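Okay, so here's the structure we're looking at.
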Amino acid sequence: MKILITGTSGFLASRVRAYLEEDAAIEVLAPSHAELDVISLDSCKAYFDRHRPDALIHLAAISDIAECARNEALSRDVNTGGPVRLATCAKEYGMTGRFLFASSDQVYSGTKDAGRLNRETDPLSPENLYAREKLEAEERVAAILPSACALRLDWMFDLKPGKANYLKNMIRSVREQRPVRYAVNELRAQTWAGEVAAGMKTLLFSDAPGGSYNFGGPASGNSYETAVRVYDLLGEALGMPVRGLAVPGELPVPRSLAMDQEKIRSVGIRFRDTAESAALCLEKEAAYLDDIR
Ligand SMILES: NC(=O)c1ccc[n+]([C@@H]2O[C@H](COP(=O)([O-])OP(=O)(O)OC[C@H]3O[C@@H](n4cnc5c(N)ncnc54)[C@H](OP(=O)(O)O)[C@@H]3O)[C@@H](O)[C@H]2O)c1
23 MKILITGTSG
33 FLASRVRAYL
43 EEDAAIEVLA
53 PSHAELDVIS
63 LDSCKAYFDR
73 HRPDALIHLA
83 AISDIAECAR
93 NEALSRDVNT
103 GGPVRLATCA
113 KEYGMTGRFL
123 FASSDQVYSG
133 TKDAGRLNRE
143 TDPLSPENLY
153 AREKLEAEER
163 VAAILPSACA
173 LRLDWMFDLK
183 PGKANYLKNM
193 IRSVREQRPV
203 RYAVNELRAQ
213 TWAGEVAAGM
223 KTLLFSDAPG
233 GSYNFGGPAS
243 GNSYETAVRV
253 YDLLGEALGM
263 PVRGLAVPGE
273 LPVPRSLAMD
283 QEKIRSVGIR
293 FRDTAESAAL
303 CLEKEAAYLD
313 DIR
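Numbering (this note's numbering), first residue to last: 23 to 315.
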C-alpha cells in the first residue's frame, strides 16, 4: 500500500512516517515541500498523476498560530486550500484508501466554560484565524470527499530533536528549577506524538465513517492539576526536586479545549490522558532525555 504523507520535514509527519515505515507492507511516499506544494493544484495533480497513492495523510500546514495571523493570505491558501486541493485530487484520481488530515483542538477555542468536554457535533466559534482555517477545511473537504477524516489534534509532545513542546518545556523548567504558571481555569490535554501516529495507522485501516474526530487524549483535571502530575513523573525521571515548580495561575477568561472521547473510542482508538501519555513517552524515548537542555 502506497501512503502519501505531506509535511515530512515537520514535527508530526516525520514521526508518522517513521512509525509507518516500520511496517514492511507499507510504502511511504514523502515528497518535500518543493516536490509537492499544496498551494498549487497543478503540483498536487502532477504528484498524484505520477505516484498514484492508495491513501493520504496530509500534515503539511502553517502550524504556528502567530505566523498565520502575520500572513493571512498564505496561511489560508495552505491550511484551507491545501486540504481542499488534495481532496479534489483524491476524488479525481479515484484514490481507494483513506484521506486523513490534520485539524486542531483550536476549533474549540471559543469554549469559555472550563468544565466542558467538547464534542465533534458542538456548534463552534473559533477565536483565531488558524482555527477558522482548519474548520473551513473540515467543512469543504467533507463536501468533496465524505469518507475523509479530519483529526482534531491537541498540542503534541515527544522528546526527539525538534521544536519546543509541552513536555520539553517542563523538562527545561525542572533542570533550571524555574517555576511555571498553569491555569486552574483551563481544561485541555496534551498527547505524545507516538500515540497519535499509532492512532492514525489504526484509523487508516479502519472502516470508520468519515468526518471530524477528536484525536487526542482526555483531560483528567485542569491544567495546573495535570502539570503537577507530569512534574512528579519528571522528578523521578530526572532525579531532581519538582515541588513548587507548577504554580497555580488563572487565564483572564476560562477556556476548555478538552475533547470528548466517545466518538474516537467508538472506532477502537483509546488515548491516554496527558500524564499517562507523558509516562509512556518518558519510557519509550528515555534515550533523548539527556539532550533536552
Ligand atoms: N504540533 C502540534 O502540536 C499540533 C497541534 C494541533 C494540530 N497540529 C496540526 O498538525 C499538522 C502537523 O503539524 P506540525 O507541528 O508537524 O507542523 P510543522 O512542524 O510546522 O510542519 C509543517 C510542514 O508543512 C510543510 N509545508 C508548509 N507549507 C507547505 C506547502 N505549501 N506545501 C507543502 N508543504 C508545506 C513544511 O515544509 P517546509 O518546512 O519545507 O516549508 C513542514 O514540513 C498541521 O496541520 C498542524 O496544524 C499540530
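All C-beta atoms, glycine included, are put in the ideal place defined by N, C-alpha and C. Keep in mind that this is a model prediction, so the values were computed, not measured.
His55 has its Cβ nearer than 7 Å to a heavy atom of ligand 1. Residues lining ligand 1 by the Cβ criterion, that is a Cβ closer than 5 Å to any of its heavy atoms, are Gly29, Ser31, Gly32, Phe33, Leu34, His55, Asp59, Val60, Ile61, Leu81, Ala82, Ala83, Ser85, Val100, Ala124, Ser126, Leu175, Trp177 and Met178 in chain order. Every beta strand (DSSP E) of 3 residues or more that sits fully in the stretch 219-247 is shown, in chain order, as 233-236. DSSP places Lys156 inside the alpha helix (DSSP H), whose first and last residues are Leu151 to Ile166. Beta-bridge partners of Cys171 (DSSP): Leu122 and Gly233.
In this structure, the beta-carbon distance from Thr28 to Val60 falls below 8 Å.
Checking the DSSP bridge columns, you'll see Pro148 has no partner listed.
Within the stretch 60-101, the complete beta strand (DSSP E) runs of at least 3 residues fall at 77-80.
By the Cβ-count criterion, Val275 is exposed, with fewer than 16 other Cβ atoms from all chains shown falling within 10 Å of its own Cβ. A residue is called buried when at least 16 other Cβ atoms come within 10 angstroms of its Cβ; Leu311 does not meet this threshold and is exposed. The residues Val106, in chain order, have a CB closer than 6 Å to that of Arg162 in the same chain once the five nearest residues on each side in sequence are set aside. When the Cα atoms are used, Glu247 and Arg287 turn out to be separated by approximately 24 Å. When DSSP states are grouped into helix, strand and coil, Ser278 belongs to the strand group. Counting of Cβ neighbours within 10 angstroms places Ala241 among the buried residues, the total reaching 16 or more.
Contact between Thr110 and Ala159 does not hold, since their C-beta atoms are separated by about 12 Å, which reaches or exceeds 8 Å. For Ile286, the enclosing alpha helix (DSSP H) starts and ends at Glu284 to Ser288. Residue state for Tyr115 is assigned as coil, using DSSP reduced to three classes. Tyr41: member of the alpha helix (DSSP H) spanning Phe33 to Glu43, first to last residue.
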